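First up is the structure itself, then whatever we jot down about it.
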Amino acid sequence: MGLFGWWSEKTKKGGGETMPEIGETEIRSKVQNLLDTAINPAVAMHGGFVQLLDVKDNSVYLQMGGGCQGCGAADITLKQGIERMIREEVPEVTEILDVTDHAAGANPYYSPSKG
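At position 51 of the sequence shown the residue is numbered 48 (our numbering), and the sequence of numbers has no breaks.
Now the structure itself:
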């Protein structure tokens, strides 16, 4: 640990600026705010929602529901939309994991291949 312990600095990508690292509680708060204000309103137009399940070691665990669960475009939505937005707004996040069981549910769009 550094001189102050909790005040570890890291360099921002591409710039010379430094910023203090934030903890899991602040990451959780920032990701939840992003879900509430930007991500969920967008996916709600397709009948879906995204839930923050956990934050551990700067990894974010998300679960998709509604129209997003089992949707064939769920991976694209995650990689090109949700993940991009989270990484831009919360650069401390190192990994974003979708833990949704896309084959489960009463009426999933995705159904695993049979046979």
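C-beta atoms are modelled at their ideal positions from N, C-alpha and C, and glycine is treated no differently.
All figures in this text were calculated on a predicted structure; none of them were measured in a lab.
For this session: Return helix, strand or coil for GLU92, following the three-state DSSP convention.
Result: Under the three-state reduction of DSSP output, GLU92 falls in the strand class.
Exercise. Quick one: is GLN48 near chain D, going by C-beta distance under 8 angstroms?
Worked result: No chain D appears in this structure, which consists of one protein chain only.
For this session: List the residues that DSSP assigns as beta-bridge partners of ASP51.
Result: Beta-bridge annotation (DSSP): ASP51 is paired with TYR58.
For this session: For PHE46, collect the residues of the same chain with a Cβ closer than 8 angstroms to its Cβ; drop the 5 residues on either side in sequence, then sort them by chain order.
Result: Here the set comprises ASN37, VAL40, MET61, GLY62, GLY63, CYS65.
Problem set entry | Reference LEU59, options GLU23, PRO88, ILE19, LEU32, closest by Cα | The residue from GLU23, PRO88, ILE19, LEU32 with its alpha-carbon nearest to that of LEU59 is LEU32.
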